[in-house]
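Accompanying notes for the structure given below.
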Amino acid sequence: MKEGLQLAASFLFVFLLLPLPAFADNVGMSSVPEASTLFLMGVGIIGLAFLGRKKFKK
Numbered sequence: 013m014k015e016g017l018q019l020a021a022s023f024l025f026v027f028l029l030l031p032l033p034a035f036a037d038n039v040g041m042s043s044v045p046e047a048s049t050l051f052l053m054g055v056g057i058i059g060l061a062f063l064g065r066k067k068f069k070k
């Protein structure tokens with residue numbers, strides 16, 4: 013319990029006593045996901061579907 017309290021106090025110190033970081037206003041954002049992101053998401057969904065199907069067959 014003492015270690016958790018010490019960790020919480022450390023985070024409290026970092027967030028309350030240190031100055032806030034500066035944020036950039038001119039950050040460009042893309043509204044269209046990259047092709048590799050869509051590919052990885054698709055492979056993940058197919059993999060989850062395969063594992064789910066395999067699990068329910070048992």
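Mapping of the sequence shown onto the numbering used here: position 42 corresponds to residue 54, and the numbering continues sequentially without gaps.
Each residue gets a CB set at the ideal place from its N, CA and C atoms; glycine is no exception.
Predicted, not measured: the structure shown is a model, and the values here were computed from it.
Give the straight-line distance between the Cα atoms of glycine 62 and methionine 53, rounded to the nearest whole angstrom. Counting from 1 along the sequence shown, the entry for residue 62 is found at position 50. Counting from 1 along the sequence shown, the entry for residue 53 is found at position 41. The sequence shown places phenylalanine at residue 62, rather than the glycine named in the question. C-alpha separation (whole angstroms): 14 Å.
Decide if methionine 13 is buried, meaning its Cβ has at least 16 other Cβ atoms within 10 Å, or exposed. Here the question's residue 13 lines up with position 1 in the sequence shown. Its pLDDT being 47, under 50, methionine 13 is placed unreliably in this model, and the coordinates cannot settle the point.
Consult DSSP for glycine 54 and reduce its assignment to one of helix, strand or coil. Here residue 54 refers to the residue found at position 42 when the sequence shown is read from its first residue. Helix, per DSSP.
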